[in-house]
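The C-terminal position of the sequence shown is numbered 545 in my numbering, with every residue numbered one higher than the one before it.
Heads up, the beta-carbon is just placed ideally off N, CA and C, and yes, glycines get one too.
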Amino acid sequence: MLKHTVFVLILLSLSLQAGNLEEIKNFLHGLGQETVLTPEPRRCGFSIMTDIKMHYNQLDADSKMMADKLLSVNLTNYQDSIISPAGHFILYYDTTGNDAVDSKDSLANGIPDFIDSAAAVFDHVWQVEIERLGFKRPVDAEGRPVEHYPVYFQALSNMYGYTYPDQPYYPEEGIVQYSSYIVIDNDFKGYYYTNGLDALKVTAAHEFNHAIQLSYHVRFNGSYEDIFLMEMTSTWMEDYVYNEVNDYYQYLNYYGGIFSDFYNFRFNSTGGYDYYANCLFLHMINKKYNPHTIVEFWETIPAAPAIEAMDIVLTNKGSSFAEEQNHYAAWLYFTADRAVAGQYFPEGAAYPQFDLQELPDSPVNIASYGMKVYKIPINEGGFYESRLTADNDDGCYNHIVGIRLAGRTKSFKDRQIFSKSENENLFVTLSNPATFPLADVQYSVKTADVFVKGNPVSTSQNGNQVIFEAVPEYAVITIYDILGRKVETLKPNGTETQVRWNLTNINGRKLASSVYFYIVRSHNITSKGKFVLIR
């Protein structure tokens, strides 16, 4: 197996948890110790550098000395700099010494090709993220839109780069913004999943989005409750700006991650590479809505932390975070050889897949912000009714029937009526959108037939209406008279399992006393019945 000797300055091989002071100290005191490490996915250093900066005053003297070495980027001794062609960036670089970039200058313009390329790349990133998508410009130390955003090139070797939150600015009470700068590798050679110009591209897209995020509102208050969305967004942005590169694939395959440990995955996890891999949620949001929805998440961040902000935006679009989290579980099922062309993730066939489990006989627990997908061993076609019970009703569930969702996501307190054909597999998706775990989650399912409530129907008792019960979403009810003539066609209203009908035909005329027949159709499954109307 290929191994590399590196320094533990590797911000990447550690999984620092936000706010874990002891791990920060251990990390800092490991700097400079040579060790042999198995290559792992490369990460940006934003979260770790931020963690060290925000806990600096809590460190002991020795740890502070180590932190000073790490954080003291000399911003004045670079040998050269250029302004990018569009004027948005100032790039600092060396042409000799340890941090030197490749001196090749094909254009003979006195600027190394690598820097020419980097300037063009960063300008393109600006054009997409700010001008096309509408994100805010990064701010300077006075809270003004930055004139030339600074980028520094160093021999990092073991990471793509990082965005450093430099100086805080307080535009109003309760809002904190940060000026920042970016430090990225000077050649992107060595053990990287992606190398050269492609690595530069995705790093620029990723790190510059961190700079943008720092211009909204930063909750560096110990809990770092937005940090997972920061990394999710920056990683999603890589693929949005440079769709052909796909550097984010490396985070999907990692052991203990979203696919290899799906049943223990938590949506807001910051461990390992989870928050990079979780960019897939934003890929889903982009496809279901549009990329500007993700900008709206960030525009809402000053008013609410990440999950609440997403919920506010999605609620305004007729959905919710809870519903989309449950859909996300279903989308994560449709990857690799389970991918469906034209549906779910556009690149899903290239992703790994989690090992599917069958629903256990005993109750299950769902961690805070956790998700689960279980196969239900039912082969027969027909209409079905499902229910969930748990220690509280905050959970959500839905079904995958074949390659489709059964309907809108349900709360644990609500039943779901759905149809399935004999040749369609059935799965239940469970999700917990709450800050606390769900315990004793039990699932039940039984056959269900549409029926008319209070049959025979007497208008003297029921009024001028008939109520169809246990109707699947998206079903169509067609009603016929005793001569086989179509009287009316009905559809459920939203997610209701009841359909009410005012006993008039398609011309608005009241029906006479008689026997009427109905056929319920839902995804190639039909149910038939009759009722007697007495006026």
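query	result
Rounded Cβ spacing between F461 and A480 (contact assumed at less than 8 angstroms)	6 angstroms
For Y103, the residue or residues it bridges with in DSSP	D90
Three or more C-beta pairs below 8 angstroms linking the stretch 248-265 and the stretch 201-220	yes
Y203 classed as buried or exposed, judged by whether at least 16 other C-beta atoms fall within 10 angstroms	buried
Residue range of the alpha helix (DSSP H) that includes G206	206-223
Residue range of the unbroken beta strand (DSSP E) whose run includes D61	No beta strand (DSSP E) contains D61, which is instead part of the alpha helix (DSSP H) from 56-64.
Residue interval of the beta strand (DSSP E) (run including M381)	381-386
Per-residue burial, V451 [other beta carbons within 10 Å of its own, 16 or more giving buried]	buried
Closest Cα partner of A416 within the set F422, E395, K423	E395
Identified DSSP bridge partners for T536	R531
Stretch pair the stretch 345-359 + the stretch 416-428: three plus CB contacts closer than 8 angstroms	no
Straight-line Cα distance separating Q353 from V411	14 angstroms
Status (buried if at least 16 other CB within 10 Å, exposed otherwise) for F446	exposed
At least three beta-carbon pairs within less than 8 angstroms, the stretch 114-125 to the stretch 149-158	no
Beta carbon of F355 nearer than 8 angstroms to that of H302	no
Contact set for N296: own chain, Cβ-Cβ below 8 angstroms, skip 5 residues either direction	W246, Y250, T303, I304
D321 to S330 span [Cα, whole Å]	5 angstroms
Integer Cβ distance of Y264 from Y283, believed to fall under 8 angstroms	5 angstroms
C-alpha gap between F145 and E217, whole angstroms	14 angstroms
Sub-8 angstroms separation of Y172 and C54 beta-carbons	yes
Beta-bridge partners of T280, as assigned by DSSP	None, per the DSSP bridge assignment.
Residue range of the beta strand (DSSP E) that includes H409	406-411
Endpoints, alpha helix (DSSP H) assigned at V497	Here V497 belongs to no alpha helix (DSSP H); instead the beta strand (DSSP E) covers 496-500.
Uninterrupted alpha helix (DSSP H) stretches inside the stretch 230-263 (no shorter than 4 residues)	237-251, 259-262
At least three beta-carbon pairs within less than 8 angstroms, the stretch 467-476 to the stretch 500-517	yes
Nearest-angstrom Cα separation, counted from K199 out to H98	26 angstroms
Sequence-distant residues of the same chain with beta carbon closer than 8 angstroms to S127, five excluded per side	L207, L210
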